[in-house]
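What follows is a set of notes on a single structure, which appears directly below.
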Ligand SMILES: C[S@@+](CC[C@H](N)C(=O)[O-])C[C@H]1O[C@@H](n2cnc3c(N)ncnc32)[C@H](O)[C@@H]1O
């Protein structure tokens, strides 16, 4: 936030950061004998693209499973997709040789890096290769860059709660439109300030009023996508069609590097029957075999979760 002038002419210009909640709290998590502390939010932001700012039930499920089966991680190289704040990858770094945490969201990558820093400075562990990388599913250039640095590929690909994403062109478009709006607002306010000093205060009040109304409309649209029981399955269904195939394209590329010696461990939390089928079908259509790990079906929060092992056929 930027404050200009003083006294009667005191005005506040809002920049993009005003709309991002980065009031992260240091939070303690316990998985079996493993205790982790990291920064995260405790409630979702209004923007679905910032889902990675908090720890999801899928990560709790996966971390419980991994901490009980830590021997499978010993000395391994791991890549995690859609890492969010990094709770899974950071746990893995206590056992693995190298861990690459990935996400596509710049804001999420910032807190992910901060949590990595927190751990590398507070713990003196064996894992020297704990890093965060930007990876948008389906981006060949970004996968290539990661594989150039890890030419042998990875032993494990991990994912927790990553298939529910509302990573849609519609939502992205509305978010981008909103940011363009803020930018235009900022430019106009400053321009007006320069040419019409006397009317500045009234003008800014009017603009801020319009901007708040726009925020409400944006939140209403997002609320429709996330909150309305009738509409949301349809919207999620529409959105997922674009992100699930890209997720599996990326997984397929990573599994191919090691052929039969790499597996994708997915912590799946069921939220809509239609998605359950879609995830399974997408794996099969990518020439993969998907099997439920016996004994992992459990209730997380009020939802049912399961661990899947996915390999190339
Ligand atoms: C629901 S959060 C789960 C975060 C974390 N795995 C957990 O369980 O706490 C989904 C994560 O996937 C990331 N994500 C969503 N769409 C993505 C995409 N197309 N490419 C890469 N990452 C994506 C989000 O930024 C977010 O961090």
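Numbering (this note's numbering), first residue to last: 9 to 321.
Note that the Cβ used here is the ideal one computed from N, Cα and C, for glycine as well.
In this text the structure is predicted, and so the values were computed from the model without any measurement.
- About 16 Å separates the CB atoms of residue 73 and residue 298; that is not less than 8 Å, and the two are not in contact.
- Taking the Cα positions, residue 36 is about 15 Å away from residue 97.
- Taking 7 Å as the cut-off, the C-beta of residue 144 counts as close to a heavy atom of ligand 1.
- Residue range 85 to 89 is occupied by the beta strand (DSSP E) that includes residue 85.
- Using a Cβ distance threshold of 8 Å, residue 146 and residue 257 count as a contacting pair.
- Under the three-state reduction of DSSP, residue 47 is assigned to strand.
- Contact between the segment 78 to 90 and the segment 104 to 119 is established, with three or more Cβ pairs separated by less than 8 Å.
- Check the Cα spacing between residue 45 and each of 268, 80, 120: the tightest is with 120.
- Residue range 271 to 278 is occupied by the beta strand (DSSP E) that includes residue 276, with no alpha helix (DSSP H) assigned at that position.
- As DSSP reads the structure, residue 299 sits in a beta bridge with 317.
- The shortest C-alpha to C-alpha distance from residue 40 to any of 31, 90, 99, 94 is the one to 99.
- Taking 7 Å as the cut-off, the C-beta of residue 161 does not count as close to any heavy atom of ligand 1.
- One alpha carbon belongs to residue 287, the other to residue 252, and they sit about 7 Å apart.
- Its Cα nearest to that of residue 90, the residue 141 stands out among 82, 130, 141, 124.
- For a cut-off of 8 Å, the C-beta gap from residue 277 to residue 311 is around 5 Å, short enough to register as a contact.
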